[in-house]
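Residue numbers (this note's numbering): 70 to 638.
Note that the Cβ used here is the ideal one computed from N, Cα and C, for glycine as well.
Quick caveat, the model's predicted, so the values are computed rather than measured.
Take a look at the structure below.
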């Protein structure tokens, strides 16, 4: 956020380019939260006021260098002031408020700029300085006098005396002197104040006459640098953000140097924007990955409980065996039977029966329950193993996103593009694939169109992922995402993904469809190949019946198999 001294410097540099010029346009970009005024004197200059939460600023630059990179159509503001002459532009003393006076014939009006960061505003005033317009949605009564908020009581750096400093330091001898200057003097932030006090941590150490004179002289030198147009502006990176000063800070190397403060801000404006957007994207991505980690952790707990319950399937086999031994005692209509339990030291056991079934049918029912339970337990155990490996892999992914977001975004784009919501009013990020899960919990990507197939395969699949496509038949590229490079998909998993591949092809109506699969590292794009056309090696082919996935985990855009048949080496 700009300080009152920053405003002083910008006006010292550039007010001469505006005063006496013709105000030719006023444009407000609401989404960018920026207002631009164009003034033509010898040359055309632009005053830009930005009150974006992360990249607010105040710039006066030649019009050709002040273009905002946006497709937004600007909205008009204070149209009645256009074609007026800028007669003066001045700062309210020690404040972050600038008043521009414009005249047209005998009529006079004012624009008041409040450079208060994201809370900033521009007011339109009539010749009596009564409010007639507000750029932001601020409540006001038409015709009420403009009254800026009262400034807190602080020391004026231009008129400060040695006695003022002595009083400030002696009243709080244990407080950090840089903090005292920051809180007690207009225009001085902590870093600028610390350039005067150094590493001294207690103000009481600066009450000697020599120390006070040194700090006082330093303040005057800094104020003179801000009021001058000859001193360069040094750019520093403090707490990850650019900071601008007309003096060098002790112990810190500047990262840039400019002739004016407007230039320094403008040239770093895009960098700030990119940094902010990257920081926001990283924060949202980490939040989404953390949510996924919690879901996997909950799933593991649930799977452990399901496995504990499913493990009772062995009891069904025992019941079937006991009923076979006592087959002669079974009659249709019986609801249960008490038998010696040979599997538990001869204790009596009550076995429930279906009265509508005969003896052999009840035995077969328990045998079926045993087989189904055994298969279900194997499926649950496989899913638990897959979930555990996915959890471990995702923890590594999260660490990379936190430590090196740029590298992680290139290596794992699916976590950035599929988990981060877009701002309200902006188009959603379109994913090139549909996303499904196998019965064992593995993720499956299904390309949507020919071009999407290429992106799904070459942007979102890792070399050790398994790649599927119908043999000699147009269809989607399908990728089975695996937790790590040594993971071995089971026969069931391969058949399940192959069935999904057959379903998302032109052969979905066939009884059996040949589907080829190979590691993604053996898939390549031929030079000049059409969208979706690839060459594959080391493939295997299986025959499967097309099967629609049980559940989609994302929205799809409808079926479009604009893919090409796959060529084999």
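Annotation for residue 440: the continuous alpha helix (DSSP H) segment containing it runs 428-472. Going by beta carbons, residue 388 and residue 435 fall inside the 7 Å limit. Here residue 229 carries a coil assignment [DSSP, helix/strand/coil]. With a cutoff of 7 Å on beta-carbon distance, residue 256 and residue 226 are scored as near each other. Annotation: the continuous beta strand (DSSP E) that includes residue 538 extends over 535-539. Within the same chain, and ignoring the five residues on either side of residue 404 in sequence, the residues whose Cβ sits closer than 8 Å to its Cβ are 421, 422, 424.
Here residue 327 has 302, 333 as same chain residues with Cβ atoms under 6 Å from its own Cβ, once five neighbours each way along the sequence are excluded. The three-state secondary structure of residue 416, taken from DSSP, is strand. When the alpha-carbon of residue 78 is set against those of 293, 155, 264, the nearest one is in 293. Going by C-alpha positions, residue 360 is about 12 Å away from residue 460. Less than 7 Å separates the beta-carbon of residue 187 from that of residue 122. Residue state for residue 326 is assigned as strand, using DSSP reduced to three classes. C-alpha of residue 390 to C-alpha of residue 444: approximately 19 Å in a straight line. Fewer than three pairs of CB atoms, one per stretch, sit closer than 8 Å, so the region 296-313 makes no contact with the region 274-281. Where residue 289 is concerned, the enclosing alpha helix (DSSP H) starts and stops at 278-296. Proximity of the region 201-219 to the region 236-249 falls short of the contact definition, fewer than three beta-carbon pairs being nearer than 8 Å. Burial is judged here by how many other beta carbons sit within 10 angstroms of a residue's own beta carbon; residue 530 has at least 16 and is buried.
For residue 507, the secondary structure class from DSSP, reduced to helix, strand or coil, is coil. Between residue 573 and residue 515, the beta carbon gap of about 5 Å places them in contact (Cβ cut-off 8 Å).
The beta carbons of residue 180 and residue 147 sit about 7 Å from each other, so the pair counts as a contact at 8 Å. Around the beta carbon of residue 397, fewer than 16 other beta carbons sit within 10 angstroms, so the residue counts as exposed. Beyond the five residues adjoining it in sequence on each side, residue 478 comes within less than 7 Å, by CB distance, of 485 in the same chain, given in chain order.
Just so you know, the alpha carbons of residue 501 and residue 547 end up roughly 11 Å apart. Excluding its 5 nearest sequence neighbours in each direction, residue 410 has C-beta neighbours in its own chain below 6 Å: 416, 418, listed in chain order.
In its chain, beyond the 5 residues on either side, 304 have a beta carbon closer than 6 Å to the beta carbon of residue 325. The Cβ-Cβ distance between residue 196 and residue 190 does not fall below 7 Å. By the 16-neighbour rule on beta-carbons within 10 angstroms, residue 599 is exposed.
Residue 598 carries a coil assignment under DSSP once its states are collapsed to helix, strand and coil. Short of 8 Å from the beta carbon of residue 382, and not among the five residues preceding or following it, lie these beta carbons of its own chain, in chain order: 438, 439, 441, 442, 443, 445, 446.
Residue environment for residue 194: buried (at least 16 other C-beta atoms within 10 angstroms of its C-beta).
A check of alpha carbon separations from residue 431 across 449, 400, 448 identifies 400 as the nearest. Within its own chain, the residues whose Cβ lies closer than 6 Å to the Cβ of residue 458, once the five positions on either side in sequence are excluded, are 552, listed in chain order.
Pairwise C-beta distances place the region 104-115 in contact with the region 81-95, as three or more of them are shorter than 8 Å.
For residue 154, same chain residues with a beta-carbon under 8 Å away, outside a window of 5 residues either side, are 89, 90, 91, 92, 171, 172, 173 in chain order. Looking from the CA of residue 581, the closest CA among 591, 542, 605 belongs to 542. In the pairwise beta carbon analysis, the region 247-256 is classified as not touching the region 201-208: fewer than three pairs are separated by under 8 Å.
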